[in-house]
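> In full-length UniProt numbering, the protein residues as written are 1 to 318.
Just so it is clear, CB atoms sit at the ideal spot from N, CA and C, and this is done for glycine as well.
Keep in mind it's a predicted model, so treat the numbers as computed, not measured.
My questions all concern the structure below.
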């Protein structure tokens, strides 16, 4: 039996590292050979290589496609590719829309996959809840995408490009991803850890009361990706799937902070509700992009973790 190959594009990022660890460990008699791409530095993080010694690292430039040929030669055609790579900070995308479109629309990746003639690789692509306009609650996958910022527009364009140029794909519209720090700590601020840090100082902190999201626990998102991977590998039935991937709770930042305060025993009066319109973040932000996840639950039989339980798991509180 040929061993199945999984490639994680953007493997040194937050989701990428959690996914690599889940694929590389925790499965007895692991059926997968694993590789990942990195770009932020010439060499992948030492701590990550220590944690997943059997995974092959490849330096890849997604803008030019440089590095994909090396994967073909040394790893072979992957059975599954998970694309976690993105410029995902809306303010950064707003300042540099050309880079946002170039990185977030996976042209070179899809072109590389199209060069294989033997079989169809499954492409699992991470999209975002910011494809929605944000004018109602609990968006469904078939609702119109009317993004209000460059980040959302780049992700809509990526979805369109993949659906037109791939025959075997799953697009996952993820909400805010939260959970434990990665084995090689990522430089970006993690939402629960940040809230815990500022509330622990005992000083009043402002949080938005009028922006709503469905934050998703990182290990639930990993479980979704692994479920789709296992389904394709075992059944080899081509799929063209679009799924909302959020947690079960529609929450404002105030409600998220209140959950952290409950779990850690902080005084809730430290949380000062303010309107999102009172702060200029340099980019428009949709007000309510909560998502209906019934299609996800029905298709994969995965029940995402409640936010409060996810906070406990993130902060390692029994």
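Extract the residue ranges of the alpha helix (DSSP H) inside the region 83-153, only unbroken runs of 4 or more that lie entirely within it.
List check, alpha helix (DSSP H) in window: 90-95, 97-104 and 107-114.
> Mind checking residue 316: buried by the 16 CB within 10 Å criterion, or exposed?
Along the chain shown, read from residue 1 onward, the residue named residue 316 stands at position 316. Label assigned to residue 316: exposed.
> Helix, strand or coil: which one does DSSP assign to residue 163?
Within the chain shown, numbered from 1, the residue matching residue 163 stands at position 163. DSSP places residue 163 in helix when its eight states are reduced to three.
> Start and end of the beta strand (DSSP E) containing residue 206?
For the purposes of this step, residue 206 is identified with residue 206 of the chain shown, where counting begins at 1. Segment 205-208, the beta strand (DSSP E) holding residue 206.
> Round the Cβ separation of residue 5 and residue 78 to the nearest angstrom and send it over; I've been treating them as touching at under 8 Å.
By 1-based counting over the chain shown, the position of residue 5 is 5. By 1-based counting over the chain shown, the position of residue 78 is 78. Contact flag correct, Cβ pair sits at about 5 Å.
> Which partner residues of residue 262 appear in the DSSP bridge assignment?
By one-based count along the chain shown, residue 262 stands at place 262. Looking at the DSSP assignment, residue 262 forms no beta bridge with any residue, so it has no partner.
> Please confirm whether residue 319 and residue 246 have their CB atoms less than 7 Å apart.
One cannot answer for residue 319 here, as it falls past the ends of the chain, which runs 1 to 318.
> Assign residue 211 to one of two classes, buried (16 or more other C-beta atoms within 10 Å of its C-beta) or exposed (fewer than that).
Stepping through the chain shown from its first residue, residue 211 is reached at position 211. By the neighbour-count rule (16 or more Cβ atoms within 10 Å), residue 211 is buried.
> For residue 46, which beta-bridge partners are listed by DSSP?
Mapped onto the chain shown, residue 46 falls at position 46. DSSP output for residue 46 lists no bridge partner at all.
> Given residue 16, which residues of its chain have a CB within under 7 Å of its CB, disregarding the five upstream and five downstream residues?
Counting from 1 along the chain shown, the entry for residue 16 is found at position 16. Answer for residue 16: 8, 10, 36 and 84, listed in chain order.
> For residue 47, count neighbouring C-beta atoms within 10 Å of its own C-beta (all shown protein chains included) and say buried if the count is 16 or more, exposed if not.
For this step, residue 47 is matched to residue 47 along the chain shown. Burial call: exposed.
> Whose C-beta lies closer than 6 Å to the C-beta of residue 273 among residues of the same chain, with five residues either side of it excluded?
Translated into the one-based positions of the chain shown, residue 273 becomes position 273. So the qualifying residues of the chain are 209 and 254.
> For the region 196-262, which segments carrying the beta strand (DSSP E) assignment without a break, of at least 3 residues, lie completely within its bounds, in sequence order?
List check, beta strand (DSSP E) in window: 205-208 and 240-245.
> Given that a residue counts as buried once 16 or more other Cβ atoms are within 10 Å of its Cβ, and exposed if not, what is residue 135?
Mapped onto the chain shown, residue 135 falls at position 135. It is exposed - the Cβ of residue 135 has fewer than 16 other Cβ atoms within 10 Å.
> What number of angstroms, rounded off, separates the C-alpha of residue 120 from the C-alpha of residue 80?
As a position in the chain shown, residue 120 is number 120, starting the count at 1. As a position in the chain shown, residue 80 is number 80, starting the count at 1. Cα-Cα distance, rounded: 9 Å.
> Which one of 130, 19 and 284 has the shortest CA to CA distance from residue 179?
Residue mapping note: residue 179 aligns to position 179 of the chain shown, counting from 1. Of 130, 19 and 284, the residue nearest in Cα terms is 19.
> Skipping 5 residues on each side, what residues in its chain have a beta carbon closer than 8 Å to that of residue 167?
Against the chain shown, residue 167 aligns to sequence position 167. The residues are 120, 238 and 240.
> Thinking just about the alpha-carbon of each residue, which of 230, 221, 33 and 60 is nearest to the one in residue 42?
Working through the chain shown from its first residue, we reach residue 42 at position 42. Out of 230, 221, 33 and 60, 60 has the C-alpha closest to the C-alpha of residue 42.
> Excluding five sequence neighbours on each side, which residues of the same chain lie with their C-beta closer than 7 Å to the C-beta of residue 21?
In the chain shown, the residue the question calls residue 21 occupies position 21. Excluding residues within five positions, the ones whose Cβ falls inside 7 Å are 51, 52 and 183.
> Have a look at the DSSP bridge pairing and note the partners of residue 281.
What you label residue 281 is simply residue 281 of the chain shown in a count that begins at 1. Residue 281 pairs with nothing; no bridge assigned.
> Considering only residues of the same chain and omitting the five flanking positions on each side of residue 143, which have a CB-CB separation below 7 Å?
Taking the chain shown and counting its residues from 1, the one referred to as residue 143 is at position 143. Once the five neighbours on either side are set aside, the close Cβ partners of residue 143 are 132.
> Is residue 262 near the ligand NAP, going by C-beta to nearest heavy atom under 6 Å?
Summarising the ligand content, the structure contains no ligands, and the ligand NAP is consequently not present.
> Hey, would you say residue 102 sits closer than 7 Å to residue 63, going by beta carbons?
For the purposes of this step, residue 102 is identified with residue 102 of the chain shown, where counting begins at 1. For the purposes of this step, residue 63 is identified with residue 63 of the chain shown, where counting begins at 1. A contact, by the Cβ cut-off of 7 Å.
> Quick check on the burial criterion: 16 or more other C-beta atoms within 10 angstroms. Buried or exposed for residue 252?
Here residue 252 refers to the residue found at position 252 of the chain shown. Label assigned to residue 252: buried.
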